[in-house]
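To start, the structure under review is shown below, and the notes come after it.
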């Protein structure tokens, strides 16, 4: 119940927004990560600086909280196991073990009957040749671990391309996926509580630039039938994994409306940030409710919304013109407390609310352009 202490492994912007939601509800928040003065640490009651493999520190951290959750999935399995000896870990280490490694994730989804693109696991040079025979070309080669925002993946059009890409990846374990021609990308943020309740937000449509999420719009431009099917699949995934917490299911939508799961994120997701301003209950409050055993919150969309990410490039000519963006009606500014803007680094986001999804998207983009308009 409120007043308890919530522990977060990881201390980036997702942890920051979780901590803001938790503290508003009366919880105390402790965070652990290898860094200091972090986005989440600036909001938390206690920031612990320690490596994730420092199990003594992890143990002490877990002893000081009532429940442990995550803000990113690449926490080592022994870390989750050490914490679980002293506090409930939600979602549990099994969920992380599956979702943090592409081969395990895709195998789990396929074996449980969920729709995924054809794929094959690659460990050896012989595996790569067999995968090319089975999957076909063109394809996408992705490292099995530590890939995000387009890192660790390459599109390949020939066997020579595939061999070269695998060498460039250090010949580490990878997954070869058939290249899919899709109409759009959507995501569904779902949550599941301790007692088994499940809820999900409507489909969110996503557009990427340089493999990094650029703009998200809700509601997505898909048919009601496609949206219902996406919600059904997301529900099935969180139930099959026995998730307690929040999970985002990312989909490709083909031209004929077929849904294919691209990947899972066992935590709140960048595309769901617009729920802070647009929905009755944000994805971060929903995470608090789920891991603490509270009832689910309403996911009602109050107004159509769009989110535009703010990357380090926005600062390339100097301090952005925050007043110009904030002067636009329906625009909300969220900055993450990061002191050093770098190209590709997520520094914040803008959310715009409007009568229609198209107007919301246009308003979010106008606001982002206004930040740098004075630079010419």
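In our numbering, the protein residues as written are 163 to 538.
Backbone N, C-alpha and C fix where the C-beta goes; we use that ideal spot for every residue, glycine too.
Residue nearest to residue 317 within the set 212, 343, 402 is 343 (criterion: CA-CA distance).
The residues 172, 173, in chain order, have a CB closer than 6 Å to that of residue 195 in the same chain once the five nearest residues on each side in sequence are set aside. Going by beta carbons, residue 466 and residue 513 fall outside the 8 Å limit.
Residues of the same chain with a CB within less than 7 Å of the CB of residue 356, apart from the 5 flanking positions on each side, are 406, 455 in chain order. Secondary structure note for residue 317: its beta strand (DSSP E) is the uninterrupted segment 315-318. Proximity to residue 409 across 250, 445, 320 peaks at 445, based on C-alpha coordinates. In the displayed model, residue 372 falls within coil according to three-state DSSP, outside both helix and strand. The straight-line gap separating the alpha-carbon atoms of residue 473 and residue 503 is approximately 8 Å.
With a beta-carbon spacing of about 16 Å, residue 176 and residue 451 fall beyond the 8 Å limit used to define contacts.
Residue burial annotation: residue 163 is exposed, with fewer than 16 other C-beta atoms found within 10 angstroms of its C-beta.
Residue pairing of residue 331 in beta bridges, as defined by DSSP: absent, with no partner found. Residue 278 sits away from residue 304, with the two beta carbons spaced by 8 Å or more. The residue from 190, 350, 202 with its alpha-carbon nearest to that of residue 229 is 190. Residue 223 sits in a helix when the DSSP states are folded into three classes. By the Cβ neighbour-count rule, residue 533 is buried, with 16 or more other Cβ atoms within 10 Å of its own. Look at residue 259 here: in three-state DSSP terms it is helix. In this chain, residue 456 is not harboured by any alpha helix (DSSP H), its DSSP state being neither H nor E.
Straight through space, the alpha carbons of residue 198 and residue 424 are spaced by roughly 33 Å. Beta-bridge analysis with DSSP links residue 336 to 284, 305. Counting the other CB atoms within 10 Å of its CB gives residue 414 a total of 16 or more, which places it among the buried residues.
In the assembly as shown, residue 262 is a buried residue. Its beta-carbon has 16 or more other beta-carbons within 10 Å.
Counting every other CB atom within 10 Å of its CB across the protein chains shown gives residue 234 a total of 16 or more, marking it as buried. When rounded, the separation of the alpha-carbon atoms in residue 372 and residue 506 is 9 Å. In the same chain as residue 251, and ignoring 5 residues on each side of it, the C-beta atoms closer than 7 Å to its own belong to 230, 242, 245, in chain order. By the Cβ neighbour-count rule, residue 434 is buried, with 16 or more other Cβ atoms within 10 Å of its own. In its chain, beyond the 5 residues on either side, 285, 306 have a beta carbon closer than 6 Å to the beta carbon of residue 335.
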